[in-house]
Amino acid sequence: MFTAVSGSAGAQLRFSSASATQIAADPGNFVRALRHVDIPPDCMFTVRFGGDTWHQFASRSRKPRHPVLFALSCHTDELGGDLTPAARAAILANQADIPLLTEVLPAAVSRLLQAPDFDAGAVPTTALSLDAAPGTLLRLACDGARAGAEFLRGAWGAWRAGGGILSYAGARRSVSALGAPRPDSLLRRQLGHTRVHHEDTFCLLLSGADFKDASAKHLLAAVLEGFLRNP
46 MFTAVSGSAG AQLRFSSASA TQIAADPGNF VRALRHVDIP PDCMFTVRFG
96 GDTWHQFASR SRKPRHPVLF ALSCHTDELG GDLTPAARAA ILANQADIPL
146 LTEVLPAAVS RLLQAPDFDA GAVPTTALSL DAAPGTLLRL ACDGARAGAE
196 FLRGAWGAWR AGGGILSYAG ARRSVSALGA PRPDSLLRRQ LGHTRVHHED
246 TFCLLLSGAD FKDASAKHLL AAVLEGFLRN P
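The sequence shown begins at 46 in the working numbering and counts up one residue at a time.
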């Protein structure tokens, strides 16, 4: 599962659910199971798929000048799937990286996709859009304007780097960053015996007046809702 922001030229997500057994029996099964999803430019989206699903992310433009997407991914089980002994050992040793975990297409499938008679336009495609219908002149104009504006913005930023602006609204609720969890934090008991790659702790002080007549059940539900809305 990953959450991403598409580039200013949009993104195309390509998936095939054909299994290794099906591909070995007939490489054409990969093409028959192929599906495309077109994502509009500059959009945040979330994708979830099985670990054995073939996937590729590409620009919708034939001559891309923008990144396809920026994504943060979460792999629930790196040991899932048909792994080689070397890959499994690297994962268990916490030494695996993206190239090691990336499996390329079988040569027979690559030849089918690169063949002159392969028509990518015939692949079943789901096109998502927020402002203009796909395939219309309005969509073409929107994509062109957005891509051009992003190109100019990138050139301006490279020429004159901005330092950013920090403002404070004076809200009575302030969040402070702590160097480490508090001594009485449950995290020390739950995670104190394990090695962590990144740890941050923030403190928000609230008074009883902030809760009014809310019950403990409602307060806990609000905390959980906060985690869901701010993963």
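Note that beta-carbon positions come from the ideal geometry of N, C-alpha and C, so glycine has one too.
The model shown is predicted, which means the values in this text are computed figures rather than measured ones.
#1: What residue from Ile-84, Cys-88, Trp-99 has the CA that sits closest to Arg-29's CA?
#2: Using a threshold of 8 Å, state whether the C-beta atoms of Met-46 and Val-92 are closer than that.
#3: According to DSSP, is Ala-63 helix, strand or coil?
#4: Below 8 Å, can you find three or more Cβ-Cβ pairs linking the region 257-267 to the region 155-166?
#5: Enumerate in chain order the residues of its own chain whose CB-to-CB distance from Pro-72 is below 6 Å, with the five nearest sequence positions on each side excluded.
#6: Please tell me whether Gly-189 and His-111 are closer than 8 Å, where the distance is taken between their beta carbons.
#7: Sort Glu-270, Pro-179, Phe-247, Thr-48 by Cα distance to Arg-227 and report the nearest one.
#8: Would you decide whether Val-113 is buried or exposed? Buried here means 16 or more other CB atoms lie within 10 Å of its CB.
#9: Report the rounded CA-to-CA distance for Ala-192 versus Glu-123, giving the unit in angstroms.
#10: Apply the 10 Å Cβ neighbour rule to Leu-223 and answer buried if 16 or more other Cβ atoms are within range, or exposed otherwise.
#11: For a test of the three-state rule: what should DSSP assign to Ser-266, helix, strand or coil?
#12: Could you please give the first and the last residue of the uninterrupted beta strand (DSSP E) stretch that includes Ser-104?
#13: Exposed or buried, what is Leu-58 when buried is set at 16 or more other beta-carbons lying within 10 Å of its beta-carbon?
#14: By the three-class DSSP mapping on this structure, what secondary structure does Cys-88 have?
#15: Is the separation between the beta-carbon of Pro-85 and that of Leu-175 shorter than 8 Å?
#16: In whole angstroms, what is the alpha-carbon distance linking Pro-179 and Phe-94?
#17: Which of the three DSSP states is assigned to Arg-274 in this structure?
#18: Using the beta-carbon count (16 or more within 10 Å), is Ser-104 buried or exposed?
#19: Report the residue ranges of all alpha helix (DSSP H) runs contained in full by the region 210-264; include only those spanning at least 4 residues, in chain order.
#20: For Glu-195, collect the residues of the same chain with a Cβ closer than 7 Å to its Cβ; drop the 5 residues on either side in sequence, then sort them by chain order.
#21: Roughly how many whole angstroms lie between the Cα atoms of Gln-235 and Ala-116?
#22: Asp-188 by DSSP, collapsed to three states: which one?
#23: Can you tell me whether Gln-159 is helix, strand or coil according to DSSP?
Answer, in terms of the structure:
#1: The requested residue 29 does not occur in the structure, where the chain is confined to residues 46 to 276.
#2: Between Met-46 and Val-92, the C-beta gap is smaller than 8 Å, which places the two residues in contact.
#3: Assigned with DSSP and collapsed to three states, Ala-63 falls in coil, not helix or strand.
#4: No, they do not touch.
#5: For Pro-72, where only same-chain residues beyond five positions count, the Cβ hits under 6 Å are Ala-153, Val-154, Leu-157.
#6: Contact flag unset, no.
#7: Relative to Arg-227, the option among Glu-270, Pro-179, Phe-247, Thr-48 whose CA is nearest is Phe-247.
#8: By the 10 Å Cβ count, Val-113 comes out buried.
#9: Distance between the alpha carbons of Ala-192 and Glu-123 is about 36 Å.
#10: Result: exposed.
#11: It is Ala, not Ser, that sits at residue 266 in the sequence shown. In this structure, DSSP gives Ala-266 a helical state, which the three-state scheme calls helix.
#12: First-last of the beta strand (DSSP E) with Ser-104: 99-104.
#13: Counting C-beta atoms within 10 angstroms of its own C-beta, Leu-58 has 16 or more neighbours from the protein chains shown and is therefore classed as buried.
#14: Residue state, collapsed to three classes: coil.
#15: Contact: yes.
#16: Near 24 Å, if we compare the C-alpha coordinates of Phe-94 and Pro-179.
#17: Looking at Arg-274 - three-state DSSP - the assignment turns out to be helix.
#18: Buried, since its Cβ has 16 or more Cβ neighbours within 10 Å.
#19: Entirely contained in the region 210-264, the alpha helix (DSSP H) runs reaching 4 residues are, in chain order, 231-236.
#20: Cβ within range, chain order: Ser-53, His-111.
#21: Spanning the two alpha carbons is a distance of roughly 29 Å.
#22: In this structure, Asp-188 counts as helix in the three-state DSSP scheme.
#23: DSSP places Gln-159 in the helix class (H, G or I) of the three-state scheme.
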